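Q: Attaching a single structure in structure tokens format; questions to follow.
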Amino acid sequence: QSRQTTLDNFFKKS
Amino acid sequence: MFKAELSDPNILKTSFDAISSIVDEVQIQTDSEGIRLDALDRSHITFVHLELNAGLFDEYVCDEPEKINIDTDELVKVLKRSKSDDRVIMSLSEGNLIITFEGEAKRTFKIRLIDIENESPSPPELDHPTKLEIPFALLKDSIADIDIFSDKIALMVDKEYFKASAEGEFGDANIEYLHGEKIDSEAKSVFSLEKIREMLKADKFSDIATIKLGDDMPLDLKLKMVSDEGELSFLLAPRIEA
């Protein structure tokens, strides 16, 4: 089983 | 005043075909350097960036920066009506994007501009451990191979190979490509096949795709024109083991 992640964390980090 | 004229409609047609399957609305920014857009899809899974430099166009005029807010479906429906030997001319007039195709006949479309509340996001700087170039056609083929057995695709890079694979209920598929790059580390991430398929609609842009991969990191896929006058790039969030 896998779940789809979002880009939100990556946008916050930059 | 904004006016951009292009002898080949395919670049616009295929780029916006990809973009419209990712986002419903988009803000195209124009200035004297060219056209660009940044957009993040509604569920924040795919980010897309398009850059078409003034030098790509046969004629390009933009004396002050403009923001063209447009419904991507409407734009693609119009662009799909172009014939491959038509010239395309884009301009702005009283809240409309005017698209003219000049071929056997002159056909003009006015697309109403829309209101967009959200600012276009700037792309994050990600530090991927691996970067390689692979033929665009090979990537597109891999999607079709994987599609036989799964709706998810694992992308892997090691010192020698770029690999795409899937394990499905009814079978497995594996693609190996000797990348020939100097890569010291390994990386693996899993992605939605459907999301990658959307990105790869941008056919005519480049024969080579530049890919950056990490472990459970977003896929960075970049298509760059040979002339260096245009770039279409994507970031796609991975699927991770639950």
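Chains A and B are the protein sequences, given in the same order. According to the working numbering, the first sequence is numbered sequentially starting from 1. According to the working numbering, the second sequence is numbered sequentially starting from 1001. By construction, the Cβ of each residue, glycine as well, lies at the ideal position given by its N, Cα and C atoms. Because the structure is a prediction, the values reported are computed rather than measured.
My assumption, with CB atoms under 8 Å, is that residue 1214/B sits in contact with residue 1052/B. Please give the rounded CB distance.
A: Along the second sequence, one-based indexing puts residue 1214/B at 214. Along the second sequence, one-based indexing puts residue 1052/B at 52. Between residue 1052/B and residue 1214/B the Cβ distance is about 29 Å, and since that is not below 8 Å, they are no contact.
Q: What does a CB cutoff of less than 7 Å around residue 1178/B pick up in its chain, not counting 5 residues either side in sequence?
A: Looking up residue 1178/B in the second sequence gives position 178. Result list for residue 1178/B: 1160 and 1161, in chain order.
Q: Would a C-beta distance cut-off of 9 Å place residue 1027/B and residue 1146/B closer than the cut-off?
A: Start at 1 with the first residue of the second sequence, and residue 1027/B comes out as number 27. Start at 1 with the first residue of the second sequence, and residue 1146/B comes out as number 146. No, the pair does not count as a contact, with Cβ atoms beyond the cut-off.
Q: Is it buried or exposed, residue 1041/B, if we count other Cβ atoms within 10 angstroms and call 16 or more buried?
A: What you label residue 1041/B is simply residue 41 of the second sequence in a count that begins at 1. Buried, by the Cβ-count rule.
Q: Mind listing which residues of the region 1198-1210 of chain B have their C-beta closer than 7 Å to chain A's C-betas, in chain order?
A: Those would be none; no residue qualifies.
Q: Do residue 1002/B and residue 1120/B have their C-beta atoms closer together than 9 Å?
A: Taking the second sequence and counting its residues from 1, the one referred to as residue 1002/B is at position 2. Taking the second sequence and counting its residues from 1, the one referred to as residue 1120/B is at position 120. Cβ distance not < 9 Å, so residue 1002/B and residue 1120/B don't count as in contact.
Q: So, does the CB of residue 1237/B fall closer than 9 Å to a CB anywhere in chain A?
A: To locate residue 1237/B, count along the second sequence from 1; it is residue 237. Yes, contact with chain A.
Q: For residue 1203/B, name the three-state secondary structure that DSSP assigns.
A: Residue numbering aside, residue 1203/B sits at position 203 when the second sequence is read from its first letter. DSSP places residue 1203/B in helix when its eight states are reduced to three.
Q: Whose C-beta lies closer than 6 Å to the C-beta of residue 1087/B among residues of the same chain, with five residues either side of it excluded?
A: Along the second sequence, read from residue 1 onward, the residue named residue 1087/B stands at position 87. So the list reads 1007 and 1102, once near-sequence residues are dropped.
Q: Count the other C-beta atoms from every protein chain shown that fall within 10 angstroms of the C-beta of residue 1034/B, then say buried if there are 16 or more, exposed otherwise.
A: In the second sequence, counting from the first residue as 1, residue 1034/B sits at position 34. So residue 1034/B counts as buried.
Q: When every heavy atom of the ligand HEM is checked, does at least one fall within less than 8 Å of the C-beta of residue 1042/B?
A: For the structure depicted, the ligand HEM is absent and the ligand set is empty, with no information on it obtainable.
Q: Could you tell me the distance, in whole angstroms, from the CA atom of residue 1083/B to the CA atom of residue 1009/B?
A: As a working note, residue 1083/B is residue 83 in the second sequence. As a working note, residue 1009/B is residue 9 in the second sequence. One C-alpha to the other measures close to 7 Å.
Q: Which first and last residues belong to the beta strand (DSSP E) in which residue 1002/B is found?
A: Reading the second sequence from its first residue, position 2 is the one you call residue 1002/B. Note, residue 1002/B: beta strand (DSSP E), 1002-1006.
Q: Which chain A residues are close to residue 1077/B, counting only those with a beta carbon under 7 Å from its beta carbon?
A: Position 77 of the second sequence, counting from 1, holds the residue named residue 1077/B. Correct list: empty, because the minimum Cβ distance to chain A is about 28 Å.
Q: Taking all protein chains shown into account, do 16 or more other C-beta atoms lie within 10 angstroms of the C-beta of residue 1226/B, making it buried, or fewer, making it exposed?
A: Your numbering for residue 1226/B matches position 226 in the second sequence. With fewer than 16 Cβ atoms within 10 Å of its Cβ, residue 1226/B is classed as exposed.
Q: In whole angstroms, give me the CA-to-CA distance for residue 1218/B and residue 1038/B.
A: One-based indexing of the second sequence puts residue 1218/B at position 218. One-based indexing of the second sequence puts residue 1038/B at position 38. Straight-line Cα distance between these residues: approximately 17 Å.
Q: Use the C-beta contact count for residue 1148/B: other C-beta atoms within 10 angstroms, 16 or more gives buried, fewer gives exposed.
A: Position 148 of the second sequence, counted from the start, is the residue given in the question as residue 1148/B. Label assigned to residue 1148/B: exposed.
Q: Run down chain A in chain order and give the residues with a C-beta less than 9 Å from the C-beta of residue 1117/B.
A: The sequence position of residue 1117/B within the second sequence is 117, counting from 1. In chain order: nothing, as chain A lies at least about 18 Å away.
Q: Going by C-alpha to C-alpha distance, which of 1183/B, 1070/B, 1221/B and 1187/B sits closest to residue 1198/B?
A: Counted from its first residue, the second sequence places residue 1198/B at position 198. Cα-wise, what sits closest to residue 1198/B is 1221/B.
Q: Could you check where the alpha helix (DSSP H) with residue 1014/B kicks off and where it finishes?
A: Counted from its first residue, the second sequence places residue 1014/B at position 14. 1010-1022 is the span of the alpha helix (DSSP H), which, as asked, contains residue 1014/B.
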